[in-house]
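The structure appears right after this line, and notes come after that.
Protein chains: 2
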Amino acid sequence: MAKPPTIVDVAHMLGVAPSTVSRAFNNPRILKPDTVARVLAKAAELGYVPNRHAQALTTGRSGLVGLVIRDVSNPFFARAIRATQREAERLSLNAIVVECDSDADREQRLIDRVLPQVEGLVLASTRLSAARLTELSRRTRVVLVNSDLAGFTRVLASASEALDQGIRLLAGAGARKLAYVGGPPYSWSEAERWGTVRRVAAERGLAVTYVSANMGTYGEGRAAAVSIAEAEVDAVVAFDDVIAHGVLDGLTILGVRVPEDVRLLGCDDALPIETHPRLSTVRLDIEQAFVTAVRALAEGSVSGQRILVPGVLTVRETT
Amino acid sequence: MAKPPTIVDVAHMLGVAPSTVSRAFNNPRILKPDTVARVLAKAAELGYVPNRHAQALTTGRSGLVGLVIRDVSNPFFARAIRATQREAERLSLNAIVVECDSDADREQRLIDRVLPQVEGLVLASTRLSAARLTELSRRTRVVLVNSDLAGFTRVLASASEALDQGIRLLAGAGARKLAYVGGPPYSWSEAERWGTVRRVAAERGLAVTYVSANMGTYGEGRAAAVSIAEAEVDAVVAFDDVIAHGVLDGLTILGVRVPEDVRLLGCDDALPIETHPRLSTVRLDIEQAFVTAVRALAEGSVSGQRILVPGVLTVRETT
DNA sequence: TCTTCACATGCAAACGTTTGCATGTCAGTG
DNA sequence: CACTGACATGCAAACGTTTGCATGTGAAGA
Numbered sequence: 009m010a011k012p013p014t015i016v017d018v019a020h021m022l023g024v025a026p027s028t029v030s031r032a033f034n035n036p037r038i039l040k041p042d043t044v045a046r047v048l049a050k051a052a053e054l055g056y057v058p059n060r061h062a063q064a065l066t067t068g069r070s071g072l073v074g075l076v077i078r079d080v081s082n083p084f085f086a087r088a089i090r091a092t093q094r095e096a097e098r099l100s101l102n103a104i105v106v107e108c109d110s111d112a113d114r115e116q117r118l119i120d121r122v123l124p125q126v127e128g129l130v131l132a133s134t135r136l137s138a139a140r141l142t143e144l145s146r147r148t149r150v151v152l153v154n155s156d157l158a159g160f161t162r163v164l165a166s167a168s169e170a171l172d173q174g175i176r177l178l179a180g181a182g183a184r185k186l187a188y189v190g191g192p193p194y195s196w197s198e199a200e201r202w203g204t205v206r207r208v209a210a211e212r213g214l215a216v217t218y219v220s221a222n223m224g225t226y227g228e229g230r231a232a233a234v235s236i237a238e239a240e241v242d243a244v245v246a247f248d249d250v251i252a253h254g255v256l257d258g259l260t261i262l263g264v265r266v267p268e269d270v271r272l273l274g275c276d277d278a279l280p281i282e283t284h285p286r287l288s289t290v291r292l293d294i295e296q297a298f299v300t301a302v303r304a305l306a307e308g309s310v311s312g313q314r315i316l317v318p319g320v321l322t323v324r325e326t327t
Numbered sequence: 009m010a011k012p013p014t015i016v017d018v019a020h021m022l023g024v025a026p027s028t029v030s031r032a033f034n035n036p037r038i039l040k041p042d043t044v045a046r047v048l049a050k051a052a053e054l055g056y057v058p059n060r061h062a063q064a065l066t067t068g069r070s071g072l073v074g075l076v077i078r079d080v081s082n083p084f085f086a087r088a089i090r091a092t093q094r095e096a097e098r099l100s101l102n103a104i105v106v107e108c109d110s111d112a113d114r115e116q117r118l119i120d121r122v123l124p125q126v127e128g129l130v131l132a133s134t135r136l137s138a139a140r141l142t143e144l145s146r147r148t149r150v151v152l153v154n155s156d157l158a159g160f161t162r163v164l165a166s167a168s169e170a171l172d173q174g175i176r177l178l179a180g181a182g183a184r185k186l187a188y189v190g191g192p193p194y195s196w197s198e199a200e201r202w203g204t205v206r207r208v209a210a211e212r213g214l215a216v217t218y219v220s221a222n223m224g225t226y227g228e229g230r231a232a233a234v235s236i237a238e239a240e241v242d243a244v245v246a247f248d249d250v251i252a253h254g255v256l257d258g259l260t261i262l263g264v265r266v267p268e269d270v271r272l273l274g275c276d277d278a279l280p281i282e283t284h285p286r287l288s289t290v291r292l293d294i295e296q297a298f299v300t301a302v303r304a305l306a307e308g309s310v311s312g313q314r315i316l317v318p319g320v321l322t323v324r325e326t327t
């Protein structure tokens with residue numbers, strides 16, 4: 009691990025000034041093409057790579073964005089990570105991923121830690137209070153995903169419209185009693201989904217019972233199946249696919265057939281696997297949402313706009 | 009986003025030298041306790057936070073480690089990311105995650121990009137050639153996970169022993185014909201697993217057919233079910249749980265019952281969900297593996313040791 | 001009372017870039 | 001042939017730390 013060559017090394021070997029080398033990389037058009045070529049050639053020969061720390065120090069730009077999520081094992085966030093990283097790559101950035109477990113204090117702590125290294129932060133379904141977010145936005149650029157807080161640039165992956173369609177479909181197929189298995193409370197997604205379910209159910213004259221799966225785990229979904237079976241509903245809408253799969257498994261164990269006895273609709277469409285029968289769901293355009301978020305960050309748009317990215321109903325075998 | 013206070017601001021307000029402030033943070037014991045207290049208090053009051061870029065420039069330490077993986081949506085890597093980040097956190101580091109899709113060139117490109125920012129790299133199931141790795145190790149610290157290359161510090165999450173047990177269990181239950189559904193070729197894990205299956209099968213006098221699922225996706229697993237059914241085997245061992253679940257679904261569609269007609273054993277135990285019947289598998293200690301890797305990096309142990317982390321057989325309902 | 005030394009702190013260089021300004025050259029114009 | 005500019009490049013300061021060395025202080029020992 010010999011120490012790498014610096015801009016000065018390259019400059020000396022060529023008998024030019026360090027600034028010339030710097031410009032050959034950052035501002036080649038103001039140099040004589042021949043000079044640029046010589047510098048680049050020599051740099052390649054020596055294996056010169058700019059020192060990002062030094063660059064960051066002078067320019068204030070570190071080339072890093074932070075992505076703050078709740079749970080890496082949730083497939084939703086897998087898609088989020090991939091999209092974020094891909095877009096960052098396109099913008100010559102690197103992404104640093106932080107998992108913070110639905111715990112606001114931990115989230116704050118971890119954010120404080122990455123803060124000094126990043127140019128900006130994408131917060132997915134953050135648990136931070138409005139006050140803390142405002143404070144945060146004074147220290148760095150912030151873009152919110154799936155949090156609808158006025159004044160912030162925010163991207164919302166909306167399931168509302170597709171869910172509406174889905175419920176009408178269920179009602180059309182004869183469903184009268186509905187259960188909604190809710191996910192993490194206080195999240196924008198939960199509020200939007202539960203709100204939509206309640207509203208549309210009311211419009212269509214469907215009864216709806218609420219069952220909770222606060223942590224959003226598979227196990228909770230399976231446990232929820234018991235109360236669902238007791239409630240003798242015709243259809244279930246779940247907060248997301250992980251929960252939906254839990255419900256599916258739970259119902260199967262109890263001898264309830266899906267979709268014959270009960271129809272089931274999930275949300276996200278992010279699972280790396282399928283089950284049998286294949287789950288009907290709302291496919292969210294998570295990629296689009298995070299790509300948009302990263303772009304907004306990079307552009308430095310502190311515009312505070314509210315961007316909605318709609319999902320689409322994907323009917324498979326459980327409805 | 010007013011520009012944050014620097015060490016010099018703090019120093020001036022207190023009438024001390026910048027170096028004193030620096031020492032109050034990094035080397036408090038050589039200062040008068042009272043001074044330390046005053047500095048810390050004033051720093052807190054001003055909201056002073058050390059500039060990591062400047063620190064990185066002088067010390068050469070960026071506080072960042074890179075984690076290079078193949079596929080974020082694979083649950084194996086979800087556990088890897090979590091463990092890495094947690095351990096990094098404990099060591100006051102941040103982790104930067106890079107997904108590179110089983111593509112050596114892309115991997116090289118992305119590594120080159122993060123290289124200047126990180127103190128070291130954890131490469132999980134890398135696709136890089138030995139030559140490239142050697143070259144890489146001259147430029148930064150490298151720890152390998154699930155690649156067994158002599159000379160490098162490497163951590164191996166081994167399924168061998170547990171797989172051996174599992175196959176003996178299958179044989180004991182009367183299995184005579186085995187299928188192995190292989191994952192990404194050229195990976196150490198694949199070599200170890202397939203090697204173990206073949207060896208143990210031979211020892212027990214079992215016939216074994218190889219079916220491939222090169223990309224390691226659910227869909228390939230499901231497709232593989234067809235050839236499995238044709239081969240009329242008694243038991244299937246799959247490279248990992250994602251594939252195993254695909255196989256399970258595929259077999260179910262074909263009317264083959266698991267475990268009655270065919271027994272099924274997966275590997276990893278990382279899925280955020282379960283299916284019905286619950287999958288028997290080898291639970292790998294992925295956390296332990298990555299925690300070890302990060303520690304080795306942080307300690308700067310270029311010792312080149314080979315660390316084996318064994319998995320345990322977890323019998324559930326498919327065997 | 002003078003010397004010695006430990007201890008606490010200050011000074012200034014260094015880390016590797018970027019960038020505003022100064023300088024030098026040369027072609028084109030009058 | 002002198003003058004103006006455009007153009008290419010050099011010079012040096014700045015970014016915010018860390019750290020080896022120098023300095024100043026006061027207490028302990030002689």
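In the order they appear, the protein sequences are chains A and B.
Just so we're aligned, residue 9 is where the first sequence starts under the numbering used here, counting upward by one.
Just so we're aligned, residue 9 is where the second sequence starts under the numbering used here, counting upward by one.
We put the beta carbon where it would ideally sit given N, CA and C, even for glycine.
Residue i at chain B interface by Cβ criterion, 8 Å
{"i": "Ala231 of chain A", "result": "no"}
{"i": "Val150 of chain A", "result": "no"}
{"i": "Ser70 of chain A", "result": "yes"}
{"i": "Glu295 of chain A", "result": "no"}
{"i": "Arg146 of chain A", "result": "yes"}
{"i": "Val122 of chain A", "result": "yes"}
{"i": "Gly191 of chain A", "result": "no"}
{"i": "Met21 of chain A", "result": "no"}
{"i": "Leu287 of chain A", "result": "no"}
{"i": "Pro41 of chain A", "result": "no"}
{"i": "Gln173 of chain A", "result": "no"}
{"i": "Thr14 of chain A", "result": "no"}
{"i": "Ile236 of chain A", "result": "no"}
Cβ distance (whole Å) where residue i is taken to contact residue j below 8 Å
{"i": "Ala170 of chain A", "j": "Pro318 of chain A", "result": "7 Å"}
{"i": "Leu123 of chain B", "j": "Arg147 of chain B", "result": "6 Å"}
{"i": "Glu228 of chain B", "j": "Ile251 of chain B", "result": "7 Å"}
{"i": "Leu101 of chain B", "j": "Val73 of chain B", "result": "5 Å"}
{"i": "Ala301 of chain A", "j": "Val130 of chain A", "result": "5 Å"}
{"i": "Asn154 of chain A", "j": "Ala132 of chain A", "result": "6 Å"}
Cβ neighbour criterion (16 or more within 10 Å) applied to residue i
{"i": "Thr289 of chain B", "result": "buried"}
{"i": "Tyr226 of chain B", "result": "buried"}
{"i": "Ser311 of chain A", "result": "exposed"}
{"i": "Gly128 of chain A", "result": "buried"}
{"i": "Tyr56 of chain B", "result": "buried"}
{"i": "Lys50 of chain B", "result": "buried"}
{"i": "Ser27 of chain A", "result": "exposed"}
{"i": "Ala243 of chain A", "result": "buried"}
{"i": "Gly190 of chain B", "result": "buried"}
{"i": "Gly413 of chain B", "result": "Look at the range of chain B in this structure, 9 to 327, and you will see that residue 413 of chain B is not part of it."}
{"i": "Glu307 of chain B", "result": "exposed"}
{"i": "Arg135 of chain A", "result": "buried"}
{"i": "Gln93 of chain B", "result": "buried"}
{"i": "Thr66 of chain B", "result": "exposed"}
Range of the contiguous alpha helix (DSSP H) that encloses residue i
{"i": "Val299 of chain B", "result": "294 to 307"}
Any chain A beta carbon closer than 8 Å to residue i
{"i": "Met223 of chain B", "result": "no"}
{"i": "Glu107 of chain B", "result": "yes"}
{"i": "Glu282 of chain B", "result": "yes"}
{"i": "Thr161 of chain B", "result": "no"}
{"i": "Thr142 of chain B", "result": "no"}
Extent of the continuous beta strand (DSSP E) run through residue i
{"i": "Tyr188 of chain B", "result": "185 to 190"}
{"i": "Ala209 of chain B", "result": "Where Ala209 of chain B is concerned, there is no enclosing beta strand (DSSP E), although the alpha helix (DSSP H) it sits in stretches over 196 to 212."}
{"i": "Thr66 of chain A", "result": "That residue, Thr66 of chain A, is in no beta strand (DSSP E); its alpha helix (DSSP H) goes 60 to 67."}
{"i": "Thr161 of chain A", "result": "161 to 166"}
{"i": "Val76 of chain A", "result": "72 to 77"}
{"i": "Ile104 of chain B", "result": "102 to 107"}
{"i": "Leu279 of chain B", "result": "Taken as a continuous stretch (DSSP letters only), Leu279 of chain B belongs to no beta strand (DSSP E), as it is neither H nor E."}
Check: residue i C-beta below 7 Å from any heavy atom of the ligand PLP
{"i": "Val47 of chain B", "result": "Ligands are entirely absent from the displayed structure, and the ligand PLP is therefore not among its contents."}
The segment 83 to 96 of chain B touching the segment 71 to 87 of chain A, judged by at least three CB pairs closer than 8 Å: yes
Segment contact, 8 Å Cβ cut-off, at least three pairs: the segment 224 to 239 of chain B with the segment 247 to 267 of chain B: yes
Flag this pair as touching only if the segment 176 to 188 of chain B and the segment 213 to 224 of chain B have three or more C-beta atom pairs under 8 Å; answer yes or no. Yes, since at least three Cβ pairs between the segment 176 to 188 of chain B and the segment 213 to 224 of chain B fall closer than 8 Å, the two stretches touch.
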